[in-house]
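Below is one structure, written out as structure tokens; comments come after it.
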Amino acid sequence: MRRPYLQERTEPQVRINERIRISPVRLIDENGEQVGVVEIEEARRLAASRGLDLVEVAPDARPPVCKIMDYGRYRYEQQKKQQAIRRKQHQVEIKQIKYRPAIDDHDFETKTGKVRKFLEEGHKVRVTIMYRRREMRRPEIGEMVLDRVVEAVKDVGIPEDRSRQMAGRDLSVTLAPIAKK
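For my numbering, count along the sequence shown from 1 and bump the result up by 2.
As structure tokens, then:
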């Protein structure tokens, strides 16, 4: 029987109260003022008398730094900071639109409208011209289609690099959105 997939913890383990075994420690009270270097038992006693937890905040320091605080509140604040960091990270997605060298005008306009929409939304777009058998004999037709696409969306996007990449039977260029002012 298979075991269910367990997600591994990514948060670092913080030692609190009885799990702190190193003595002596540098103690900081709940107001952020330094008490000094004290034995671990005395630090635990001070934290317990105030109804708070003793949390090891800098285990690598010599002596380790411990702070008297409410651990539940500390964890909550740490989670909120992580969420804010994740919210600020913006992942740029590369959308891909595929054309054929022998594309009809209406199909060209429809696909180019999609390219324009993606660029206006801030996404990068890879425009790919897909060649089939005999079309490979005349690659300049596909390049003309690619030029038409770049020309049609030049007000909202620019080619990321001047080179066009030929990969197998595909010719492609990546368009980046123009930064809004």
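Cβ atoms here follow ideal geometry from the backbone N, Cα and C, with glycine treated the same way. In this text the structure is predicted, and so the values were computed from the model without any measurement.
Residue nearest to residue i in terms of C-alpha spacing, selected from the options
i    : options                  : result
G159 : I180, T114, M146 and V27 : I180
A63  : D157, R134, V27 and E162 : V27
E153 : E35, R140, R171 and G115 : G115
H92  : H125, E35, D106 and G53  : H125
T130 : R139, S174 and Y78       : S174
L24  : N33, P61 and V37         : The sequence shown places Ile at residue 24, rather than the Leu named in the question. Looking at the Cα atoms, P61 is the closest of the given residues.
E162 : Y76, L177 and R118       : L177
D106 : I87, I143 and K119       : I143
R47  : E35, Q36, E20 and P65    : E20
E32  : K83, A49, G38 and V127   : A49
Q36  : V67, Y7 and I22          : V67
Residue range of the beta strand (DSSP E) that includes residue i
i    : result
G38  : Q36 to V40
D172 : D172 to P179
A86  : Looking at the DSSP string, A86 is not in any beta strand (DSSP E); the run it does join, the alpha helix (DSSP H), is Y73 to K90.
V57  : D55 to A60
Nonlocal neighbours in the same chain, by C-beta distance under 6 Å from residue i, ignoring five residues either side
i   : result
R17 : E58
Opening and closing residue of the alpha helix (DSSP H) in which residue i lies
i    : result
I105 : Run containing I105: none; DSSP gives neither H nor E here.
E1   : Past the boundaries of the shown model lies residue 1; the chain is included only from 3 to 183, so the question cannot be answered.
Per DSSP, the bridge partner or partners of residue i
i    : result
M168 : L173
P161 : L177
T130 : K100 and S174
K69  : I30 and V57
I18  : V57
Residues near residue i in its chain [Cβ-Cβ closer than 7 Å; skip 5 each side]
i   : result
K69 : I30, V57 and V59
E41 : S25 and P26
Cβ neighbours of residue i in the same chain (closer than 8 Å, five flanking residues each side left out)
i    : result
E43  : S25
R166 : E145, L148, L173, S174 and V175
Worksheet item: So does the region 44-54 actually touch the region 96-107, counting three or more Cβ pairs closer than 8 Å?
Response: Taking 8 Å as the limit for Cβ pairs, the verdict is that the region 96-107 does not touch the region 44-54.
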